[in-house]
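Student: Take a look at the following structure, please.
There are 2 protein chains.
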Amino acid sequence: MAGFDLAEDQDAVFEELVATAKKEHVDAIIIAGDLYDRANPSEESVKRVNQMLFRLNRQEGFPLLVVSGNHDSGVRLGTGQEWYAATQLYMRTTLKDAFSPIVIDDTQFFLLPYFEPYEAREVLGDPSLTNVNKAMQRISKEMVQQFDPTKKHILVGHFFAAGSAHSDSETLVNVGGLDAVAVSDLQPFDYVALGHLHNRHALDDAKVQYAGSLLKFSVSEAAQEKGVYIIDTATMQRRFVSLAPLHDLQHLTGSFADFADPTNFSEAEKEAYTALTLTDVEVIPNVMAKLRQVFPRLIGLDRKRHVDLGKVVQTNVKLAPTQLLGEFFSQVTGAELSEQQLTWAKAALTKAKGED
Amino acid sequence: MAGFDLAEDQDAVFEELVATAKKEHVDAIIIAGDLYDRANPSEESVKRVNQMLFRLNRQEGFPLLVVSGNHDSGVRLGTGQEWYAATQLYMRTTLKDAFSPIVIDDTQFFLLPYFEPYEAREVLGDPSLTNVNKAMQRISKEMVQQFDPTKKHILVGHFFAAGSAHSDSETLVNVGGLDAVAVSDLQPFDYVALGHLHNRHALDDAKVQYAGSLLKFSVSEAAQEKGVYIIDTATMQRRFVSLAPLHDLQHLTGSFADFADPTNFSEAEKEAYTALTLTDVEVIPNVMAKLRQVFPRLIGLDRKRHVDLGKVVQTNVKLAPTQLLGEFFSQVTGAELSEQQLTWAKAALTKAKGED
Numbered sequence: 001m002a003g004f005d006l007a008e009d010q011d012a013v014f015e016e017l018v019a020t021a022k023k024e025h026v027d028a029i030i031i032a033g034d035l036y037d038r039a040n041p042s043e044e045s046v047k048r049v050n051q052m053l054f055r056l057n058r059q060e061g062f063p064l065l066v067v068s069g070n071h072d073s074g075v076r077l078g079t080g081q082e083w084y085a086a087t088q089l090y091m092r093t094t095l096k097d098a099f100s101p102i103v104i105d106d107t108q109f110f111l112l113p114y115f116e117p118y119e120a121r122e123v124l125g126d127p128s129l130t131n132v133n134k135a136m137q138r139i140s141k142e143m144v145q146q147f148d149p150t151k152k153h154i155l156v157g158h159f160f161a162a163g164s165a166h167s168d169s170e171t172l173v174n175v176g177g178l179d180a181v182a183v184s185d186l187q188p189f190d191y192v193a194l195g196h197l198h199n200r201h202a203l204d205d206a207k208v209q210y211a212g213s214l215l216k217f218s219v220s221e222a223a224q225e226k227g228v229y230i231i232d233t234a235t236m237q238r239r240f241v242s243l244a245p246l247h248d249l250q251h252l253t254g255s256f257a258d259f260a261d262p263t264n265f266s267e268a269e270k271e272a273y274t275a276l277t278l279t280d281v282e283v284i285p286n287v288m289a290k291l292r293q294v295f296p297r298l299i300g301l302d303r304k305r306h307v308d309l310g311k312v313v314q315t316n317v318k319l320a321p322t323q324l325l326g327e328f329f330s331q332v333t334g335a336e337l338s339e340q341q342l343t344w345a346k347a348a349l350t351k352a353k354g355e356d
Numbered sequence: 001m002a003g004f005d006l007a008e009d010q011d012a013v014f015e016e017l018v019a020t021a022k023k024e025h026v027d028a029i030i031i032a033g034d035l036y037d038r039a040n041p042s043e044e045s046v047k048r049v050n051q052m053l054f055r056l057n058r059q060e061g062f063p064l065l066v067v068s069g070n071h072d073s074g075v076r077l078g079t080g081q082e083w084y085a086a087t088q089l090y091m092r093t094t095l096k097d098a099f100s101p102i103v104i105d106d107t108q109f110f111l112l113p114y115f116e117p118y119e120a121r122e123v124l125g126d127p128s129l130t131n132v133n134k135a136m137q138r139i140s141k142e143m144v145q146q147f148d149p150t151k152k153h154i155l156v157g158h159f160f161a162a163g164s165a166h167s168d169s170e171t172l173v174n175v176g177g178l179d180a181v182a183v184s185d186l187q188p189f190d191y192v193a194l195g196h197l198h199n200r201h202a203l204d205d206a207k208v209q210y211a212g213s214l215l216k217f218s219v220s221e222a223a224q225e226k227g228v229y230i231i232d233t234a235t236m237q238r239r240f241v242s243l244a245p246l247h248d249l250q251h252l253t254g255s256f257a258d259f260a261d262p263t264n265f266s267e268a269e270k271e272a273y274t275a276l277t278l279t280d281v282e283v284i285p286n287v288m289a290k291l292r293q294v295f296p297r298l299i300g301l302d303r304k305r306h307v308d309l310g311k312v313v314q315t316n317v318k319l320a321p322t323q324l325l326g327e328f329f330s331q332v333t334g335a336e337l338s339e340q341q342l343t344w345a346k347a348a349l350t351k352a353k354g355e356d
């Protein structure tokens, strides 16, 4: 969230994750990509991720199954991976390494990092793999050939699977029909643990599951419950365990008067990352500063729209300027222009034309 | 060198280093800092260094003793170091980790990464450590307390030691008396293997040695022989083994006519990174392009100066403009202004004044 350092929120949810893993006695932990939010992360972020991997693997002793996501640089994240395997920290950051499964107890894990179609064409020597869907069909076939029939088979991946919704933390560029993987092509696996989308409900499938992000990273995720899935490899049943954030992220709608009164909100509500939508129509001087006194983690502020702007404008493109203004005013405020306001508007329009 | 990708030169000298290590049956390899030339190296550089460390340690089986240099980010370079030790890749990137020695056979190795005085004050809890020299005295004392009297004691460091010269690849900012370590403070060690300066002859000491860089990185290093030292820990005798570069770096002085004739130079000379100093005084149109036809790796071009400019200008600041010009002309060309040239100069000066 712009302007806020999420370090303490990340540390807090990480501690919850560690506690959950210990309480549940998990045999391994899957991290399905996007350990970082950019290809060249800050030194501070590198230090934090290094410490988290060290803690989970070396101090708590959990085997880790990690792939790189589209936000990670495979090269940078992959530094040291040849050494990590010795303590069961299994990291895959290039497609060519994805085809030899990791075996833990009763299960073969296929670790498939985020990849681009050109990599699939190169690695598999097949120029017909022009999109992610075609590539995944081929990759899936290759992996099935490695299946040990006495084991379960879990795919860990980081891609957009067809049918899943998306939050606005994800860009839309690659979320098209051709650049999505058809869930049907994932059916050879007993379970598919996916990263990429932040919403754990992005997909509704019997064996394909997005874990979702550990924290809410945008206002569109305000209503989402965040956490981890515990998977039983004997039955392939999964169970969601929610993780409570240090500070929640909420989106509230109401009047400035309500929001400006701190007695209306609990401590947790006031400390949350907060986006506010005001129902007021008046000008409120210094509105951000006033609301930040109640909500110090104010991340967004807008006004309630009374009509869908896009729709109305499209059907009224031929209205006269004052009519257009009247429409706009009523959409934004829910009220009509007064006679006095209309007089002002006409005077301003006349003046503006005269200055052409 | 600006404009040239040194990747193939680096790969070639690295192969020579590997061959030398194998031929000499070394028990370990010391890398005394500056694995990178910047804190946030390119993905390409990260990939190359990762591959080199993997090759030396995991494929060839050499124990490695590595510290970070002033050009490295300790955090980024240190990624994975907790795992590396399992295969005897010992990497130290923070001062606090410098005090527990690595023991290989008959020798304790103290790995001291590049550090700033503030880190020494923090780690050692001593506010009096206001410069590198004071800090090193204290660090040295701490290390001596860890000395096993039945072993030899080698310090691996990355700093400027007093008395050493420097090349212009090193900035002068921190090369002052207070920011240098006195060689006398290093005497408790049986041997001190230093990184930082590119010139292996930077210091002339019985037990303190800069290895120097593996390649010539600037014109000022043209005359330096590059390579590695083989140290016998039984006797602490050292022996230099030179490594021949794929392309040498040379600085030649002569006339344009000589340089423009390719038959005057061997293939190796023509393929070398080359700085040329021309003795000519005439204007030579398109001189760079013409010389690059003979020396494709031309990295520098200047004209021979016949007098030390700085010195002369300082003693002649009160000369008349035409006299100053005459001095300058003779310094640059070694000749006097002709009558015709003087007439042109006077006309130009008159015109310039008139246009004020």
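Each protein sequence line maps, in turn, to chains A and B. Residue numbering for the first sequence follows UniProt numbering, beginning at 1 and increasing consecutively. Residue numbering for the second sequence follows UniProt numbering, beginning at 1 and increasing consecutively. We put the beta carbon where it would ideally sit given N, CA and C, even for glycine. All of these numbers come straight from a predicted model, not from anything done at the bench.
(1) Any beta carbon of chain B sitting closer than 8 Å to that of Y84 (chain A)?
(2) Under 8 Å, CB to CB, which of the residues in the stretch 52-71 of chain B have a partner in chain A?
(3) At a cut-off of 7 Å, is E122 (chain B) close to the ligand GTP when judged by its beta-carbon and the heavy atoms of the ligand?
(4) Is it buried or exposed, A320 (chain A), if we count other Cβ atoms within 10 angstroms and call 16 or more buried?
(5) What's the gap between the Cα of T94 (chain A) and the Cα of V46 (chain B)?
(6) Sort A:A289, A:H251 and A:I284 by Cα distance to T277 (chain A) and report the nearest one.
(7) Taking 8 Å as the CB-CB cut-off, is G80 (chain B) touching chain A?
(8) Just to confirm, is the Cβ distance from P101 (chain B) to S140 (chain B) under 8 Å?
(9) Cα separation between L298 (chain A) and T274 (chain A)?
(10) Check whether the Cβ atoms of F110 (chain A) and M52 (chain A) sit closer than 8 Å, and answer yes or no.
(11) What residues of chain B sit near T87 (chain A), judged by a beta carbon separation below 7 Å?
(12) Could you tell me whether the stretch 84-92 of chain B touches the stretch 59-66 of chain B, where touching means 3 or more Cβ pairs closer than 8 Å?
(13) Are V241 (chain B) and G254 (chain B) closer than 8 Å when you measure CB to CB?
(14) If we cut at 8 Å on Cβ distances, does N174 (chain B) have a partner in chain A?
(15) Indicate whether T107 (chain A) and L243 (chain A) have their beta-carbon atoms separated by less than 8 Å.
(16) Express the C-alpha separation of R305 (chain B) and F259 (chain B) in angstroms, rounding to a whole number.
(17) Which complete alpha helix (DSSP H) runs does the stretch 314-351 of chain A hold, if anything under 4 residues is left out?
(18) So the alpha helix (DSSP H) Q209 (chain B) belongs to, where does it begin and stop?
(19) Between Y84 (chain B) and G80 (chain A), which are expected to be in contact by the criterion C-beta below 8 Å, what is the C-beta distance as a whole number of angstroms?
(20) When DSSP labels each residue in this structure, what does A7 (chain A) get in the three-state scheme?
(21) Would you say R76 (chain B) lies against chain A (beta-carbon separation less than 8 Å)?
(22) With a 10 Å radius around its C-beta and 16 neighbouring C-beta atoms as the bar for buried, classify K22 (chain B) as buried or exposed.
(23) For chain B, check one thing: does any of its Cβ atoms lie closer than 8 Å to the Cβ of N40 (chain A)?
(24) Which parts of the stretch 72-145 of chain A are runs of the alpha helix (DSSP H), unbroken and 4 residues or longer, counting only runs that do not cross its ends?
(25) Any Cβ of chain B within less than 8 Å of the Cβ of E43 (chain A)?
(26) Leaving aside the five residues before and after D291 (chain A) along the sequence, list all residues of the same chain whose C-beta is less than 8 Å from its C-beta, in chain order.
(27) Out of A:G354, A:E82, A:V18 and A:H247, which one is the CA nearest neighbour of F4 (chain A)?
(28) Is the number of C-beta pairs between the stretch 35-44 of chain B and the stretch 119-135 of chain B that are closer than 8 Å three or more?
(29) To the nearest angstrom, how far is the alpha carbon of L35 (chain B) from that of D190 (chain A)?
(30) Taking any Cβ of chain B, which residues in the stretch 175-197 of chain A have a Cβ under 9 Å from it, in chain order?
(31) Taking only three categories from DSSP, how would you classify V26 (chain B)?
Tutor: Concretely, from the data shown:
(1) yes
(2) F54 and R58
(3) Within the structure as shown, the ligand GTP is missing, as the structure has no ligands at all.
(4) exposed
(5) Approximately 15 Å, taken between the alpha carbons.
(6) A:H251
(7) yes
(8) no
(9) Answer to the nearest angstrom: the Cα atoms are 5 Å apart.
(10) The answer is no: Cβ separation not under 8 Å.
(11) W83
(12) Contact between the stretch 84-92 of chain B and the stretch 59-66 of chain B is present: 3 or more CB-CB pairs across the two stretches fall below 8 Å.
(13) no
(14) Its pLDDT being 42, under 50, N174 (chain B) is placed unreliably by the model, and the measurement read from it follows with that caveat. No, N174 (chain B) does not count as interfacial toward chain A.
(15) no
(16) One C-alpha to the other measures close to 18 Å.
(17) 321-333
(18) Per DSSP, Q209 (chain B) lies in no alpha helix (DSSP H) segment; the continuous beta strand (DSSP E) that holds it begins and ends at V208 to Y210.
(19) 7 Å
(20) helix
(21) yes
(22) exposed
(23) Output row for N40 (chain A): interface = yes.
(24) 74-77, 81-84, 117-124 and 132-144
(25) E43 (chain A) counts as touching chain B.
(26) Just to set this straight, residue 291 (chain A) is Leu in the shown sequence, not Asp. Excluding residues within five positions, the ones whose Cβ falls inside 8 Å are F256, F259, A260, L276, L298 and L301.
(27) A:H247
(28) In short, these stretches do not touch, since the Cβ pair count stays below three.
(29) 45 Å
(30) none
(31) Of the three classes helix, strand and coil, the one that applies to V26 (chain B) here is coil, per DSSP.
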